[in-house]
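Colleague: This is the structure I want to talk about, given as structure tokens.
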Amino acid sequence: MTLSVDIHHKLGMFSLDAAFTADGGVTALFGRSGSGKTSIIRIIAGLTRPDRGRVVFDGTVLADIAKGILVPGHRRRFGYVFQDARLFPHMTVSQNLDYGHWFAPKPERSKNRDPIVEMLDIGNLLHRRPGALSGGEKQRVAIGRALLSAPRMLLMDEPLASLDEARKAEILPYLERLRDETKIPIIYVSHSIAEVARLASRVVVMRDGKIEATGLAIEVLSQPSGTQTFDRREAGVLLEGKVESASELHRLSVVALKAARMSVPGITHAIGKKVRVHIPARDVMLATIEPAGLSALNILQGHISWIGDATDGMMEVQIDCGGDAILSRITQLSCERLALEVGKSVYAIIKTVALEP
């Protein structure tokens, strides 16, 4: 199923111009607060009428302002998950889920809700009211309610933004299951590069109401030029590989990349499973001679393929490690002291690696 968006909308002094397509999987609308992400998702949902433009889903025109076409939101059959769960406080979890069921087409209402309850692990919550749930539990129930409406697409507007880090870590695996098991296309709004790196197959990067970059997540989030699009402190790379082995004793997995192998904390993924490795540039040190006596488990040899311009005394350096591109963020002084230049052989010392399924 393909979503095509080409819209223009003005909100006071803010002007939104956006055109992109989403083809299944998770498409992330990524950018800082105020960049226009929520405005786009509201237009897709039918909650906001754009000043002009078109929205087409799976060949059906949902909005064409020039032709006077504007399908109401309730007829678009899109599930919407907000930042706050917006559950009915006077209803139990079971009743909140049943409310979502009523929005499903009649042939879909007879379907058993048990698979969704099991996938989101909310069976033990069914008789509670929202006031007795944690933030993560509320969001899982909100997702379940949206799924029981039998949506053709899920729209998720920063669903983890109001949660602390512990609750985010709790709910992210459920979002992964949702992505992998339901096959429902998802538009996911976020300003967190960690969430986008973990969940998204495609990324649409926004700034000040305009689209600055769009493409596969592994490409958009790994290009050095992309560091100009979002906060330079969040720059890094996303690499693909397979789990080669795992150590129960040390709680580590070995991931085979194109040429290198990396030891990554955690053994939650089966041998042979395809994974993505997220490496923040700020956690990569460089050395011109082979390091010794370090606690870092991952030290990759390569050559410098690109050096960015200095900004506020900091620079990005890209290292080609046998086809695996690593990005390092170091001080301009360090770059000068090491006499770094394109083509020079260096060692990338990676302090932190996040393994993403």
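Anchor point for the sequence shown: position 152 equals 152 in UniProt numbering, and the numbering is continuous, going up by one each time. No residue lacks a Cβ here, since even glycine has one placed at the ideal position from N, Cα and C.
Which ranges does the alpha helix (DSSP H) cover as unbroken runs of at least 4 residues, wholly within the region 118 to 188, from first to last along the chain?
Modeller: Runs of the alpha helix (DSSP H) inside the region 118 to 188: 135 to 147, 165 to 177.
Colleague: Restricting to Cα atoms, I'd like to know which of R177, L155, S222 is closest to residue 360.
Modeller: With the chain covering 1 to 357 only, the question about residue 360 has no answer from this structure.
Colleague: Just mark V342 as buried or exposed, buried being the case when its beta carbon has 16 or more other beta carbons within 10 Å.
Modeller: Under this definition V342 is an exposed residue.
Colleague: Assuming contact is defined by CB atoms lying nearer than 8 Å, are R145 and N96 in contact in what I supplied?
Modeller: Yes, the Cβ-Cβ distance between R145 and N96 is below 8 Å.
Colleague: Along the chain, where does the beta strand (DSSP E) containing R337 start, and where does it finish?
Modeller: Element bounds for R337: not the beta strand (DSSP E) but the alpha helix (DSSP H), 332 to 337.
Colleague: Are the CB atoms of H250 and G31 within a distance shorter than 8 Å?
Modeller: For G31 and H250, no; Cβs fall outside 8 Å.
Colleague: DSSP has S263 in a bridge; who is on the other side?
Modeller: Answer is V254, bridged to S263.
Colleague: Return the Cβ separation of Q139 and P159 in integer angstroms, given the expectation that the two are a contact with Cβ distance under 8 Å.
Modeller: Yes, Q139 and P159 are in contact; Cβ-Cβ is about 6 Å, under 8 Å.
Colleague: Out of A200, G313, I289, which one is the CA nearest neighbour of L29?
Modeller: Of the candidates A200, G313, I289, the one whose C-alpha sits nearest the C-alpha of L29 is A200.
Colleague: Express the C-alpha separation of V189 and D220 in angstroms, rounding to a whole number.
Modeller: The question names Asp, but residue 220 is Val in the sequence shown. Using only the alpha carbons, I get a separation of about 16 Å.
Colleague: Kindly indicate which three-state DSSP category S222 falls into: helix, strand or coil?
Modeller: Note: S222 maps to coil in three-state DSSP.
Colleague: Given a threshold of 16 other Cβ atoms within 10 Å of its Cβ, counted over all protein chains shown, does T227 qualify as buried or as exposed?
Modeller: Note on T227: pLDDT 46, under 50, position unreliable in the model; no value is reported.
Colleague: Pick from S263, L333, Q318, C335: whose alpha carbon is nearest that of L327?
Modeller: Answer by Cα proximity: Q318.
Colleague: Excluding five sequence neighbours on each side, which residues of the same chain lie with their C-beta closer than 8 Å to the C-beta of Y99?
Modeller: Taken in chain order, the residues that qualify are F88, M91, R145.
Colleague: Alpha carbon to alpha carbon, what distance is there between V93 and H127?
Modeller: Those two C-alpha atoms are separated by around 6 Å.
Colleague: Quick check on DSSP: helix, strand or coil for V342?
Modeller: Note: V342 maps to coil in three-state DSSP.
Colleague: In whole angstroms, give me the CA-to-CA distance for A292 and I350.
Modeller: Near 14 Å, if we compare the C-alpha coordinates of I350 and A292.
Colleague: Answer with buried or exposed for S33, where buried requires no fewer than 16 other C-beta atoms within 10 angstroms of its C-beta.
Modeller: So S33 ends up on the exposed side.
Colleague: Taking buried to mean at least 16 other C-beta atoms within 10 Å of its own C-beta, is L3 buried or exposed?
Modeller: When all chains shown are included, L3 counts as buried.
Colleague: Counting only runs of 3+ residues fully inside the region 6 to 72, write out the beta strand (DSSP E) ranges in chain order.
Modeller: DSSP runs (the beta strand (DSSP E)) wholly in the region 6 to 72: 14 to 23, 26 to 30, 52 to 57, 60 to 64.
Colleague: Going by alpha carbons, who is nearest to residue 367 out of K67, A66, M1?
Modeller: One cannot answer for residue 367 here, as it falls past the ends of the chain, which runs 1 to 357.
Colleague: Thinking C-alpha only, which one of P265, V141, S345, K37 is nearest D84?
Modeller: Of P265, V141, S345, K37, the residue nearest in Cα terms is V141.
Colleague: So, L257 versus D324, is the Cβ gap smaller than 8 Å?
Modeller: Against a cut-off of 8 Å, the Cβ pair of D324 and L257 comes out as a contact.
Colleague: May I ask you to report which of helix, strand or coil DSSP gives A348?
Modeller: Three-state DSSP puts A348 in a strand.
Colleague: Is L300 helix, strand or coil by DSSP?
Modeller: Residue state, collapsed to three classes: strand.
Colleague: Applying the 10 Å Cβ sphere with the 16-neighbour rule, what's the burial state of D180?
Modeller: By the neighbour-count rule (16 or more Cβ atoms within 10 Å), D180 is not buried but exposed.
Colleague: Under the rule that 16 or more other beta-carbon atoms within 10 Å means buried, what is G313, buried or exposed?
Modeller: That one is exposed.
Colleague: Alpha carbon to alpha carbon, what distance is there between I186 and D51?
Modeller: Those two C-alpha atoms are separated by around 25 Å.
Colleague: Kindly indicate which residue of E118, D121, I65, G79 has the alpha-carbon position closest to the one of H101.
Modeller: With distances taken between Cα atoms, H101 lies closest to G79.
Colleague: Restricting to Cα atoms, I'd like to know which of G322, L297, V284 is closest to P265.
Modeller: Among G322, L297, V284, the Cα nearest to that of P265 is on L297.
Colleague: Tell me, please, which residues DSSP counts as bridged to V204.
Modeller: L29, T214, per the DSSP bridge assignment.
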